[in-house]
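In the working numbering, the protein residues as written are 45 to 223.
Report on the following structure.
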């Protein structure tokens, strides 16, 4: 069994959302799971049904996220890197395309409560959106991103270095947790 390391506060990470036409931020890969402004609590969507993901039949004894399951809010320790190779992870998307035609938005999220730390990132029971990033190319989604940032009460950055330095994960904490 892995050692449990309690930390005070939250961990921060980078993640993608899918931007709806009305400015809502949705899970990019789990169907129409909408993030709310403020605190969000994960639930286990362990079953794939004919019409999308469904709640697990029985909750995990220790809550979300659970080892041996894929539940919880995900985030990465580092910015995703562009990778066109066959070994590409689903989240390896060019950060400069955030807010682009594909409708995906990059941002920073805080995770807390029960958190499982991995080599690439973490999964958490609770998540809160902290900041959003719009890439340099102005698209039809740029205005919608402004609407989303206002609705979620978070800043919208156009400078990747600025969002990383102001909101990015604490590198020393990440190094300690992944050592």
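The beta-carbon is built from N, C-alpha and C at its ideal position, and this holds for glycine as well.
Being a predicted model, the structure only gives us computed values, none of them experimental.
Using a threshold of 8 Å, state whether the C-beta atoms of residue 57 and residue 160 are closer than that. Walking along the chain shown from the start, residue 57 turns up at place 13. Walking along the chain shown from the start, residue 160 turns up at place 116. Remark: C-beta atoms of residue 57 and residue 160 do not approach each other more closely than 8 Å.
### Task
May I ask you to report which of helix, strand or coil DSSP gives residue 123?
For this step, residue 123 is matched to residue 79 along the chain shown. Judged by DSSP in its simplified three-state form, residue 123 adopts coil rather than helix or strand.
- request: Could you pull out every unbroken beta strand (DSSP E) segment of at least 3 residues lying fully inside the stretch 47-86, listed in chain order?
  value: Fully enclosed beta strand (DSSP E) runs of 3 or longer: 55-63, 83-85.
With distances taken Cα to Cα, identify the nearest neighbour of residue 221 among 80, 78, 84, 162. On the chain shown, residue 221 is found 177 positions in, with the first residue counted as 1. Distances from the alpha-carbon of residue 221 to those of 80, 78, 84, 162 put 162 closest.
First and last residue of the uninterrupted alpha helix (DSSP H) at residue 158
The residue given as residue 158 occupies position 114 in the chain shown. Per DSSP, residue 158 belongs to no alpha helix (DSSP H); it is in the beta strand (DSSP E), 148-161.
*asked:* Judging by CA-CA distance, which residue of 204, 173, 193 is the nearest neighbour of residue 155?
replied: Position 111 of the chain shown, counted from the first residue, corresponds to residue 155. Comparing Cα-Cα distances from residue 155 to each of 204, 173, 193, the minimum goes to 173.
- Roughly how many angstroms lie between the CA atoms of residue 83 and residue 169, to the nearest whole one? Against the chain shown, residue 83 aligns to sequence position 39. Against the chain shown, residue 169 aligns to sequence position 125. Looking at the two C-alpha atoms, the distance is approximately 10 Å.
If you drop the 5 nearest sequence neighbours on each side, which residues of the same chain put their C-beta closer than 7 Å to that of residue 197? Mapped onto the chain shown, residue 197 falls at position 153. If the five residues before and after residue 197 are omitted, its C-beta is found closer than 7 Å to the C-beta atoms of 81, all from its own chain and listed in chain order.
CA nearest to the CA of residue 79, picked from 193, 122, 164, 144: Within the chain shown, residue 79 is the residue found at index 35, counting from 1. Considering only alpha carbons, the answer is 193.
Residue 171 (DSSP reduced to helix, strand or coil): Here the question's residue 171 lines up with position 127 in the chain shown. The answer is strand: DSSP assigns residue 171 an E or B state.
| message | Give me the DSSP bridge partner(s) of residue 165. | response | Indexing the chain shown from 1 puts residue 165 at position 121. Residue pairing by DSSP places residue 165 opposite 120 in a beta bridge.
_Residue of 66, 55, 52 minimising C-alpha distance to residue 191_ = Numbered from its first residue, the chain shown carries residue 191 at position 147. With distances taken between Cα atoms, residue 191 lies closest to 66.
Whole-angstrom C-beta distance between residue 60 and residue 70, which should lie under 8 Å: For this step, residue 70 is matched to residue 26 along the chain shown. For this step, residue 60 is matched to residue 16 along the chain shown. Going by Cβ atoms, the distance from residue 70 to residue 60 rounds to 10 Å, so no, they are not a contact pair.
Point to revise | Paired residues, beta bridge with residue 204 - DSSP | key: Start at 1 with the first residue of the chain shown, and residue 204 comes out as number 160. None, per the DSSP bridge assignment.
Using DSSP bridges, identify the partner residues of residue 176. For the purposes of this step, residue 176 is taken as residue 132 along the chain shown, with counting starting at 1. The partner list for residue 176 (beta bridge, DSSP) reads 151, 200.
Practice task
Assign residue 153 to buried or exposed, taking buried as 16 or more other Cβ atoms, counted over all protein chains shown, within 10 Å of its Cβ.
Solution key: Residue mapping note: residue 153 aligns to position 109 of the chain shown, counting from 1. Sixteen is the threshold: when 16 or more other Cβ atoms of the shown chains lie within 10 Å of the Cβ of residue 153, as they do, the residue is buried.
Quick test of your reading: residue 189 and residue 200, contact by CB under 8 Å. State the CB separation rounded to the nearest angstrom.
On the chain shown, residue 189 is found 145 positions in, with the first residue counted as 1. On the chain shown, residue 200 is found 156 positions in, with the first residue counted as 1. That pair is a contact at about 6 Å.
For residue 181, the three-state DSSP class (helix, strand or coil): For the purposes of this step, residue 181 is identified with residue 137 of the chain shown, where counting begins at 1. Three-state DSSP puts residue 181 in coil, outside helix and strand.
* Asked: Quick one: Cα of residue 175 to Cα of residue 112, how far?
  -> What you label residue 175 is simply residue 131 of the chain shown in a count that begins at 1. What you label residue 112 is simply residue 68 of the chain shown in a count that begins at 1. Using only the alpha carbons, I get a separation of about 30 Å.
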